[in-house]
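What follows is a set of notes on a single structure, which appears directly below.
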Amino acid sequence: MIKQLYENIKGNYDEAITRMRDDERIKKYLNFFLMDESYKQLESALDSKNCEEAFKAAHTLKGVSQNMAFTDFAESVVNITEELRAGNLEEALKIFPEVSEKYKFLIDEINKVM
Amino acid sequence: MEKERNTLLIADDVLINREMLKDIFEDEYDILEASNGQEAIKILDEKKDEIVLLFLDLIMPEKTGLDVMVHMSLHGMMETIPVIMITGEATVESDVRAYELGASDIIYKPFEPAVVIRRAKNIIELFRHRISIEKELALKTEQLRENQKKLEQSNDFLINALSSVVEFRSLESGEHVQRVKKFTKILLKYWQALYPEYGFTDAQIELMTNASALHDIGKIAIPDSILMKPGKLTDEEYAEMKKHTIYGCQLLENFKQEENEFYRYCYDICRYHHERANGKGYPDGLVEDEIPVWAQVVSIVDVYDALVSKRVYKDSFSIDDAIKMIHNGECGIFSQKLLECFDAARDELIANTDKPE
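Listed in order, the protein sequences are those of chains B and W. Each number in my numbering corresponds to the 1-based position in the first sequence with 351 added. Each number in my numbering corresponds to the 1-based position in the second sequence with 1347 added.
Shown next, in the form of structure tokens:
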């Protein structure tokens, strides 16, 4: 079930298992991921054009999604994080719809297994 | 008793990151968590003696990871609590800064549990080792000081025991030696004050004082018939008695220690404490400054104590009479400097002299 989830979202299940050890634990972390606020923070910081806050939020989201081994999603987050780190708000805003789309898909998929 | 250190502090604002580290370590360690820098600082201040390792995220709200490390440096925690930085990526600047501030290691997200465990354990062991070595060192230093003190005490004991051997044989109590030591020290203190050009240090005076206890050690080789004779000695007997200065040196030479200050004081005092400034003393007939100061001091002290004490062959003199006799040259001629020193110390000597019965 969890393995299927990782396939659907183009994540790395093997990596997730070495880090979190078993499906039960992965589920626990999936739950934490659902509660994590960094995506919302990123969204609102971009809305108010606060590059610094947006960077912090993106940075956190990056760490979290990498730790969860959400490989495909993490890649998009890395991209936006680097743009924000460099202060390129415009570029970041261009990438954000892709991040947003992937995030929503991810949340939907996760909710299916919970 | 200090509480056993076995607590990890995980400071990261992201719950998932904290939980992952907690999962890895909670079987073996007590875990404390901080979700921002300010909280981390508070926990560190309260529990610094229990924490074996800090996992520290760089970017956190309130205070950053760097702020936390600055606080730790300011409060001397970096020596006892290793810090592993957790960071999303390697940027040269933040890595360099983290190491500059004393981070022991940096791990990058996403975590590899096996690597994180290995590194954490190595660092914890390293610090445990370091802390225990430092504690041991502090303990050793303390012991060393105690040993030194004990050594000094046993040295004193040995010197006193050794120097009283002769007196014990002549049925005296060993008090003469103790008094000679006491008076020698007083006179040397005055010498030090009156004649700073000699540069006597307190430590040297201590050694000279101890050495003075051995001034008559050569008497061990004098036969009972002479040593304990109640009446006046014949010329031959007196000639033999004088040899106690030489015998003392011969005894000491068996244990000669080149370059040893204490040996030199002992030797000089044994040999020259019957020399007189005008060359009329024995055994070598030295004059004035040829006689080492420490031997001169013992010579006058020895005479003074002999005069004010009762001996098998004589009654005691009053303190005033004794001082007069020393000045008149009735017990041989002492150097001017020594007499001046003796006069300067007079009140203190008298205060430390038991009144003759």
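The C-beta atom is built at its ideal place from N, Cα and C for all residues, glycine as well.
Take glutamate 1695(W), set aside five residues on each side of it, and the residues of its chain with a beta-carbon closer than 7 angstroms to its own are Ile1533, in chain order. Closest by C-alpha distance to glycine 1676(W), out of Tyr1651(W), Ser1656(W) and Ala1691(W), is Tyr1651(W). If you ignore the 5 residues before and after proline 1429(W), its C-beta comes within less than 6 angstroms of the C-beta of Leu1400, Ser1451, Ile1470 and Phe1474, all in its own chain and listed in chain order. Per DSSP, valine 1634(W) lies in no beta strand (DSSP E) and is assigned neither H nor E.
Counting along the chain, phenylalanine 1402(W) sits inside the beta strand (DSSP E) bounded by residues 1398 to 1404. In summary, no residue of the segment 1374 to 1397 of chain W has a CB separated from any CB of chain B by less than 9 angstroms.
Excluding its 5 nearest sequence neighbours in each direction, phenylalanine 1372(W) has C-beta neighbours in its own chain below 6 angstroms: Leu1355, listed in chain order. At a C-beta separation below 7 angstroms, isoleucine 1428(W) has no neighbours in chain B, since its nearest C-beta there lies roughly 23 angstroms away. Shown here, methionine 1432(W) sits in a strand according to DSSP, grouped into three states.
In the DSSP assignment, isoleucine 1454(W) forms a beta bridge with Ile1433(W). Closer than 8 angstroms to the CB of isoleucine 1453(W) there is not a single CB belonging to chain B.
The Cβ-Cβ distance between isoleucine 1433(W) and phenylalanine 1402(W) falls below 8 angstroms. Within the same chain, Ser1663 come within 7 angstroms of lysine 1657(W) by CB-CB distance, once the 5 residues on both sides are set aside.
Lysine 361(B) is not a Cβ neighbour of threonine 432(B), given a cutoff of 8 angstroms.
Here leucine 1486(W) is exposed, its C-beta having fewer than 16 other C-beta atoms within 10 Å.
Within chain B, the residues placing a beta-carbon under 7 angstroms from that of isoleucine 1406(W) are Lys407 and His410, ordered along the chain. Among the residues of the segment 375 to 395 of chain B, those with a Cβ less than 8 angstroms away from any Cβ of chain W are Arg376, Lys379, Tyr380, Phe383, Phe384, Met386, Asp387 and Ser389, in the order of the chain. Closest by C-alpha distance to leucine 1413(W), out of Asp1563(W), Tyr1446(W) and Gln1539(W), is Tyr1446(W).
Secondary structure note for leucine 435(B): its alpha helix (DSSP H) is the uninterrupted segment 422 to 436. Looking from the CA of phenylalanine 456(B), the closest CA among Leu385(B), Ala367(B), Asp373(B) and Met352(B) belongs to Leu385(B). In the three-state scheme derived from DSSP, where H, G and I count as helix and E and B as strand, threonine 1354(W) is classed as strand. Residue state for isoleucine 1680(W) is assigned as coil, using DSSP reduced to three classes. Three or more Cβ pairs drawn from the segment 1567 to 1574 of chain W and the segment 1589 to 1597 of chain W lie within less than 8 angstroms of each other, which places the two stretches in contact. Taking a contact as a CB-CB distance under 8 angstroms, the pair methionine 1407(W) and alanine 1358(W) counts as one, their CB atoms being some 7 angstroms apart. Counting the other CB atoms within 10 Å of its CB gives aspartate 1649(W) a total of 16 or more, which places it among the buried residues.
Looking from the CA of lysine 453(B), the closest CA among Leu435(B), Ala425(B) and Met465(B) belongs to Ala425(B).
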